[in-house]
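Participant: Let me give you the structure first, and then I'll get to my questions.
Residue numbers (the working numbering): 974 to 1569.
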C-alpha cells in the first residue's frame, strides 16, 4: 500500500514537472539547461518520498492527512498551472488553441487552489466527498481537453516554425547572411529591372563596385567578429545613403555593389565621392577608431551594356585599374576591354627577351637599423627592351601573369641573382644577402627545392645569403604545402620572408605556425604613417606582434628622414626605400657597396 501511494505521489509530481518543462522548451527563450532538469527531477523525487512518509502516521490525524497529503499536492498543482497560464499569456503570437490552453490552465489552477482550501475547511462535513467526486469529474474533462488543446497548440507552433524557417531560407537565398544586403545572384537578377526603370525616368543606371582596402588586416588585428561587424556597418551605411540606391549587394568578402540612377557626369563623380566619404567615416571598435578606404570602379547602363553580368565585369575592370594605379575611382572605358588583344605579340617579345637576357636585375639596398649597415638587397627585375628602353615591372608583369609565364621569369631571376652574388664574392670578396621574389607558380613547383639546391651548388653560394620572398596569398592558398616547402628551405639554411604584409589574406595565427624569418611591411602602410594616427597604430602593432612571434621586420617604401627616425623608435629591424637608396643596376651596386 505504501509503495502504491509513493508511485501515485511520484507520478503526480512527475506529470507536473514534465508539463512545465515541456512548455518551457516549447517557448525557446525559456529553455532549461540539462543540469537544471536534473535538479528539478531530484526535487520531485525528494518531495514524493517526503509526502509518502505522511502515510505512515495516524490516518485520522487531520493535520497529517489533509495539510500534507492532500492539500499540498493540490496547492502545488495550482501554482504550476497558474504559472503556465501566465507564460501563455505572454506569448507574442497567440493561437486559438493557445488561448484555450490559457483558460484551461487558469480553470485547473482555480479548482486545485479551491480544493486545497476546502480539503482543510470541509474535511469533516458530509458534503466533502461529493465535492471531491465533482473535482475528479472536472479533472477528467479538463485534462482531456488540455491534452487536445496542447497537441493542437504544438502543431500550430511547429507549423509556424516551419513557415519561419522556409521564409528564412528564402531570405538567405536572396541576401547575404552577414550584412543583409542582396547576394550576387539577386544583384544580377535585379539590375535589368532597375535599368528599365531608369530608362523610363530618362536616367542612366550607374553601377559602382566598391572594394575595401586592407580589410584583411582588420580581421587579423581585431578578430573576425569585429571584421564582420564592420562589414555590417558598411552595408547599413550604403543602404542609408542619401543617394537613394536602387541596388545594394555584397558580392564577395569585402566587395559591395551600389547601383543608383544618375543623369550626368558630374553626378557620377559626386556619387563616387559620396561613397568614399561613407566608407572612410571612422568606425568605433573596442574603444578605438578604425579608418578605412575604398577603391571604386563603375560603369553605366545602358551606355556600357544591358546585361548585368557584363556590367559587373566592366565595373570590375575599372576597379582593377583603380587598384593597380592606386586611384580612388575609375570609370569604365571601352579600351579596358581590349586589354588582352596584344598578348600574342607580347608573348613573342617576352620569349625573345628571356632568351637574349634582356631582363636585367636592379638591387635595392636594405639598411639594418641595429648595425646601421647595408646587410641585404632585394633583386628587382627590369626589362632592357631594345626599342622601348628600361621597362618597370608594372609594364610587363601583367603580361607574364596573363600568359602564365611567371614561373619562367622566377627561374630566370633566381639564376641571375645567384650568378651575380657569386661574381660579387669573386670580385670583391664580400657576401651579401640577396632577396628574390617568388610567384605562387614557382613556390608551388615540386621541383623548387631541388632547383635552388642545384643553383647554390653551381655558384658556390652559402644558403644563408639567399632569401626568398613570398606573399601572404601564396601561404594561405595551400597552408600544408606552404609549410612543407618553407620547412625544407629552412632546413637548407635559406631565409624566407613574407612580402607586402597586411595587403593579402593571411593572418597572424598562420604566421605563428610558419618558420619564416622576416615580415616586410608594405609601403602603403608607411607612406602616411608619420602623419596618420591609424597607419601609425597599424605599423606599431605589426612590429610589436611580429617581434612577439619571433620574426624580424623590414619596412618598405621609406622616403624621408621622418619616416626612418620614427621606424627606429618603433624598433623596426630594417628598412628599404628611395630615402636609403633607389634600386641600382649590378655594377653601380657593387661600387655602392664598396663605398659603404
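Think of the CB as a built atom: it goes at the ideal place given N, C-alpha and C, for glycine as much as any other residue. Just so you know, these numbers come straight off a predicted model, no measurement behind them.
Can you tell me whether residue 1403 is buried or exposed, with buried defined as 16 or more other CB within 10 angstroms of its CB?
Facilitator: Classification of residue 1403: exposed, given that the 10 Å Cβ count is below 16.
Participant: Checking the sheet assignment: what are the DSSP bridge partners for residue 1261?
Facilitator: Answer is 1258.
Participant: For the 8 Å Cβ check, are there 3 or more pairs between the stretch 1244 to 1262 and the stretch 1152 to 1171?
Facilitator: no
Participant: Tell me whether residue 1344 is buried or exposed, calling it buried when 16 or more other Cβ atoms sit within 10 Å of its Cβ.
Facilitator: exposed
Participant: Is residue 1502 buried or exposed, if buried means 16 or more other CB atoms sit within 10 Å of its CB?
Facilitator: buried
Participant: Could you tell me whether the stretch 1316 to 1333 touches the stretch 1519 to 1539, using the rule of 3 or more Cβ pairs below 8 Å?
Facilitator: no
Participant: Which partner residues does residue 1337 have in the DSSP bridge list?
Facilitator: 1351
Participant: At which residue ranges does the stretch 1453 to 1537 contain complete alpha helix (DSSP H) runs of 4 or more residues, listed in the order of the chain?
Facilitator: Runs found: 1481 to 1486, 1496 to 1499, 1506 to 1521.
Participant: Among residues of its own chain, excluding the 5 on either side of residue 1560, which ones have a beta-carbon nearer than 7 Å to its beta-carbon?
Facilitator: none
Participant: Identify which residue in 1061, 1187, 1155, 1085 has its Cα closest to the Cα of residue 1474.
Facilitator: 1187
Participant: So residue 1491 and residue 1466 are supposed to be a Cβ contact under 8 Å. How far apart are they, rounded?
Facilitator: Between residue 1466 and residue 1491 the Cβ distance is about 15 Å, and since that is not below 8 Å, they are no contact.
Participant: Strictly by DSSP, which residues pair up with residue 1358?
Facilitator: 1362
Participant: Kindly give me the distance between the Cβ atoms of residue 1222 and residue 1289, rounded to whole angstroms, as I take these residues to be in contact under 8 Å.
Facilitator: Rounded, the Cβ-Cβ distance is 13 Å, inconsistent with contact.
Participant: Going by CA-CA distance only, name the one from 1553, 1124, 1126 that's closest to residue 1349.
Facilitator: Nearest C-alpha to residue 1349: 1553.
Participant: Near residue 1108, what residues of its chain come up, given a Cβ to Cβ distance below 7 Å and the 5 sequence neighbours on each side ignored?
Facilitator: 1084, 1088
Participant: Indicate whether residue 1470 and residue 1408 have their beta-carbon atoms separated by less than 9 Å.
Facilitator: For residue 1470 and residue 1408, yes; Cβs fall inside 9 Å.
Participant: Give the DSSP-derived three-state secondary structure of residue 1167 in the structure shown.
Facilitator: Helix at residue 1167.
Participant: With a threshold of 8 Å, are at least 3 pairs of Cβ atoms found where one atom belongs to the stretch 1292 to 1306 and the other to the stretch 1523 to 1538?
Facilitator: No, because fewer than three Cβ pairs between the stretch 1292 to 1306 and the stretch 1523 to 1538 fall closer than 8 Å, the two stretches do not touch.
Participant: The beta strand (DSSP E) with residue 1270 in it runs from where to where?
Facilitator: Annotation for residue 1270: the continuous beta strand (DSSP E) segment containing it runs 1267 to 1274.
Participant: DSSP three-state call for residue 1207: helix, strand or coil?
Facilitator: Three-state result, residue 1207: helix.
Participant: Tell me, which residues are paired with residue 1184 by DSSP?
Facilitator: DSSP lists 1228, 1268 as partners of residue 1184.
Participant: Taking the continuous beta strand (DSSP E) assigned at residue 1152, which residues delimit it?
Facilitator: Annotation for residue 1152: no beta strand (DSSP E) segment contains it, and DSSP assigns it neither H nor E.
Participant: Please list, in chain order, all residues of the same chain as residue 1626 whose beta carbon is under 6 Å from its beta carbon, the five residues on each side excluded.
Facilitator: A query on residue 1626 cannot be resolved here, the shown segment of the chain reaching from 974 to 1569 and no further.
Participant: On the DSSP bridge assignment, give the partners of residue 1220 in chain order.
Facilitator: Its beta-bridge partners are 1232.
Participant: Alpha carbon to alpha carbon, how far is residue 1456 from residue 1448? Give it in angstroms, no decimals.
Facilitator: 8 Å
Participant: Assign residue 1551 to buried or exposed, taking buried as 16 or more other Cβ atoms, counted over all protein chains shown, within 10 Å of its Cβ.
Facilitator: It is exposed - the Cβ of residue 1551 has fewer than 16 other Cβ atoms within 10 Å.
Participant: What span of residues does the alpha helix (DSSP H) with residue 1428 cover, start to end?
Facilitator: 1421 to 1432
Participant: According to the neighbour-count rule (16 or more other Cβ atoms, all chains shown, within 10 Å of its Cβ), is residue 1486 buried or exposed?
Facilitator: exposed
Participant: Under the three-state reduction of DSSP, which class applies to residue 1302: helix, strand or coil?
Facilitator: strand
Participant: Using CA atoms only, rank isn't needed, just tell me which of 1206, 1284, 1214, 1048 is closest to residue 1162.
Facilitator: 1284
Participant: With a threshold of 6 Å on Cβ separation, who are the neighbours of residue 1058 within its own chain once the five nearest residues in sequence on each side are excluded?
Facilitator: 1075, 1078, 1079
Participant: Please name the residue in 1397, 1445, 1441 whose C-alpha comes closest to that of residue 1433.
Facilitator: 1397
Participant: When DSSP labels each residue in this structure, what does residue 1116 get in the three-state scheme?
Facilitator: helix
Participant: How many Å lie between residue 1421 and residue 1463 at the Cα?
Facilitator: 13 Å
Participant: Tell me the residue span of the alpha helix (DSSP H) that contains residue 1318.
Facilitator: 1316 to 1328
Participant: In angstroms, rounded to a whole number, what distance separates the CA positions of residue 1159 and residue 1511?
Facilitator: 36 Å
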